[in-house]
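S.K.: Note that the working numbering gives residue 122 to position 136 of the sequence shown, counting from 1, and the numbers run on in steps of one.
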Amino acid sequence: MLTKILPPTVACSEQIGRFSGFLFHEEEEALGLNTVRERRESFTAGRTCARQALRTIGMPEVPILRGREQEPIWPDGIVGSITHCDGYCAAALAYSRDFISLGIDAETNEPLLDEVLQLVALEAEIDWLRRAPKSFFCWDKLLFSIKESVYKTWYPVARCWLGFEQVLVTIEPETNSFIGTVLPPASAQAPRDMLSFQGRYLVEKSLIVTAICIPKPPSPQ
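Structural data, given as structure tokens:
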């Protein structure tokens, strides 16, 4: 799925349905012993996908540990993202010489609870959702997924928290694309090229996936 909305220079690995894979010893330690089965399965599948994607671009399979916000710690020279939801897991990565950052997210095509929507969406976004075109998928869950992808792209560069209320999303149904804009005061903490995120989305079967890539600007001549 993700290969349809990511550039060809981004390596992807996915698992659909039943999760499988293994963990290196260091990854086992990072996960911890007292972890529920569902979390262990999704973590294992995510790390397995990440290492398979590394192999795709010619890198050795190495342990993918976790940072202070549970983000994956990639090998030097690599940027990437991992996502999982019920029945789907994926990793996407690329060389940092080509991209500043990237973020992916997957969600099941089910509506958000009203109380969750109120926490996730800004007033302007809720107004848009009321007027959104009729569709077979849930616009509110797409909004949630976009904000997750924005955060996953933002954090490795800005290294600070970003709340749902600090991102304004504009969805463009005609092109299956979106723009996520970081609002003040969070915008004061990030480089200028990390304030507006353009991405794409795809809905297939029961899944919604979103992806953002921030290309590295060309070197001055």
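All residues carry an ideal CB built from backbone N, CA and C; glycine is no exception.
What's the gap between the Cα of Pro97 and the Cα of Ser205?
M.R.: The residue labelled residue 97 in the question sits at position 111 within the sequence shown. The residue labelled residue 205 in the question sits at position 219 within the sequence shown. Their backbone Cα atoms lie some 44 Å apart in a straight line.
S.K.: Considering only their Cβ atoms, is the gap separating Leu108 from Glu151 smaller than 9 Å?
M.R.: Position 165 of the sequence shown, counted from the first residue, corresponds to residue 151. Position 122 of the sequence shown, counted from the first residue, corresponds to residue 108. In this structure, Leu108 lies closer than 9 Å to Glu151 by Cβ.
S.K.: Assuming Ala(-3) is part of the beta strand (DSSP E), what are its boundary residues?
M.R.: Position 11 of the sequence shown, counting from 1, holds the residue named residue -3. First-last of the beta strand (DSSP E) with Ala(-3): Ala(-3) to Ile2.
S.K.: Evaluate the contact criterion for the stretch 65 to 81 versus the stretch -7 to 0: three or more CB pairs, one atom per stretch, below 8 Å.
M.R.: The stretch 65 to 81, when compared against the stretch -7 to 0, does touch it at the 8 Å Cβ threshold.
S.K.: Could you give the uninterrupted runs of the beta strand (DSSP E) lying entirely in the stretch 11 to 83, keeping only those of 3 residues or more?
M.R.: Correct list: 64 to 71 and 74 to 81.
S.K.: For Leu17, collect the residues of the same chain with a Cβ closer than 6 Å to its Cβ; drop the 5 residues on either side in sequence, then sort them by chain order.
M.R.: Taking the sequence shown and counting its residues from 1, one reaches residue 17 at position 31. Closer than 6 Å at the Cβ level, and outside the excluded window around Leu17, lie Phe29.
S.K.: In this structure, does DSSP put Arg117 in helix, strand or coil?
M.R.: Working through the sequence shown from its first residue, we reach residue 117 at position 131. In this structure, Arg117 counts as helix in the three-state DSSP scheme.
S.K.: Using a threshold of 9 Å, state whether the C-beta atoms of Ser135 and Gly166 are closer than that.
M.R.: Position 149 of the sequence shown, counting from 1, holds the residue named residue 135. Position 180 of the sequence shown, counting from 1, holds the residue named residue 166. Closer than 9 Å, so yes.
S.K.: For Phe8, does the count of other Cβ atoms within 10 angstroms reach 16, so buried, or fall short, so exposed?
M.R.: Position 22 of the sequence shown, counted from the first residue, corresponds to residue 8. Label assigned to Phe8: exposed.
S.K.: As a quick exercise: from Ser131, Ile200 and Thr34, pick the residue whose alpha carbon is nearest that of Leu193.
M.R.: Taking the first residue of the sequence shown as 1, we reach residue 193 at position 207. It is Ser131 whose Cα lies nearest to the Cα of Leu193.
S.K.: Applying the criterion that 16 or more other CB atoms from any shown protein chain within 10 Å of the CB defines a buried residue, is Ser83 buried or exposed?
M.R.: In the sequence shown, the residue the question calls residue 83 occupies position 97. Residue identity differs from the one stated: residue 83 is Arg in this sequence, not Ser. It is exposed - the Cβ of Arg83 has fewer than 16 other Cβ atoms within 10 Å.
S.K.: By a C-beta neighbour count over all protein chains shown, 10 Å radius and 16 as the cutoff for buried, is Trp60 buried or exposed?
M.R.: Within the sequence shown, numbered from 1, the residue matching residue 60 stands at position 74. Label assigned to Trp60: buried.
S.K.: Can you give me the start and stop residues for the beta strand (DSSP E) that Ala197 sits inside?
M.R.: Numbered from 1 along the sequence shown, position 211 holds the residue referred to as residue 197. Unbroken beta strand (DSSP E) run through Ala197: Leu193 to Pro201.
S.K.: Which word fits Glu160, buried or exposed, when buried means at least 16 other C-beta atoms lie within 10 angstroms of its C-beta?
M.R.: In the sequence shown, counting from the first residue as 1, residue 160 sits at position 174. The residue is exposed, with fewer than 16 neighbouring Cβ atoms inside 10 Å.
S.K.: Closer than 6 Å by C-beta to Trp221: which residues in its own chain qualify, once you throw out the five before and the five after it? Chain order, please.
M.R.: As shown, the chain starts at -13 and ends at 207. That puts residue 221 outside it, with no answer to give.
S.K.: Whole-angstrom Cβ separation of Asp91 and Thr196, contact assumed at under 8 Å?
M.R.: In the sequence shown, the residue the question calls residue 91 occupies position 105. In the sequence shown, the residue the question calls residue 196 occupies position 210. 5 Å between Cβ atoms; contact.
S.K.: Select from Glu55, Gly185 and Glu47 the residue whose C-alpha is nearest the C-alpha of Thr(-12).
M.R.: Along the sequence shown, one-based indexing puts residue -12 at 2. In the sequence under discussion, the amino acid at residue -12 is Leu, which differs from the Thr named in the question. Of the listed residues, the one whose Cα sits closest to Leu(-12) is Gly185.
S.K.: DSSP beta-bridge partners for Leu188?
M.R.: Working through the sequence shown from its first residue, we reach residue 188 at position 202. DSSP lists Val195 as partners of Leu188.
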